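In full-length UniProt numbering, the protein residues as written are 1 to 164.
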C-alpha cells in the first residue's frame with residue numbers, strides 16, 4: 001500500500017457529499033454499500049423464516065425493503081453526481097433520510113428481537129424447528145448491525161450539515 005492510498009482512509013469527514021468515483025473511496029460510500037448488503041440480508045433472512053408473525057415481520061420487511069431500495073438509489077445518485085446538477089438541499093435531505101432510516105430500523109430491530117425472544121420461550125417442537133429459530137436470531141443480529149450503520153451515517157451527515 002502506498003502512502004497515498006493510506007491517506008484516503010485517514011481523511012477527516014468531508015463537508016461535501018461523496019460524488020462520482022469518490023463514493024467508492026469515502027467512508028460514506030462504503031457505509032452505503034454495507035447498508036444495502038446487510039439490509040438485503042435482513043430482508044432475505046426474515047423472508048426465509050416463513051412469516052410466523054405477520055404483523056411484526058411485515059414491519060421489518062417493509063423497513064428492510066424500503067431502505068434497501070432507497071440506499072441503492074442514493075448510491076446511484078451520488079455515483080452519477082446528480083447532486084451537482086440539481087439545486088436542492090442535498091445535505092439536509094441526506095441528514096433527514098439517515099435519521100429516519102436509523103429510527104425506523106431501530107424500531108424494526110427491537111421488534112424483531114422481541115419476537116425472537118417470545119418465540120424462543122415457546123416449545124420449539126410445536127412452533128418451529130431450530131433452523132428457523134437460527135434464521136430469526138441471525139436476522140436480529142444483522143438488523144442491529146444495519147441500525148448501527150444508519151446511526152453512523154446519521155452522525156456523519158449531521159456533522160457534514162453542521163460544517164457546511
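Using N, Cα and C, we set each Cβ at its ideal position, and we do this for glycine too.
Please read all numbers here as calculations on a predicted model, not as lab measurements.
Give the range of the alpha helix (DSSP H) segment to which residue i is assigned.
i	result
residue 114	90-121
residue 18	Element bounds for residue 18: n/a, residue is neither H nor E.
residue 59	54-79
Mapping the DSSP letters down to three states, classify residue i as helix, strand or coil.
i	result
residue 38	helix
residue 43	helix
residue 161	helix
residue 154	helix
residue 49	coil
residue 145	helix
Alpha carbon to alpha carbon, how far is residue j from residue i? Give it in angstroms, no decimals.
i	j	result
residue 109	residue 164	32 Å
residue 60	residue 26	29 Å
residue 125	residue 96	Note that residue 125 scores a pLDDT of 49, beneath 50, so its modelled location is shaky; the value from the coordinates is reported in the next line. Those two C-alpha atoms are separated by around 44 Å.
residue 33	residue 18	13 Å
residue 87	residue 121	54 Å
residue 102	residue 130	30 Å
Are there any heavy atoms of the ligand COA lying less than 6 Å away from the beta-carbon of residue i, as far as the coordinates show?
i	result
residue 106	Judged by which ligands are present, the structure shown has none, so any question about the ligand COA falls away.
Counting C-beta neighbours from all protein chains within 10 Å, is the total for residue i 16 or more, i.e. buried, or is it exposed?
i	result
residue 98	buried
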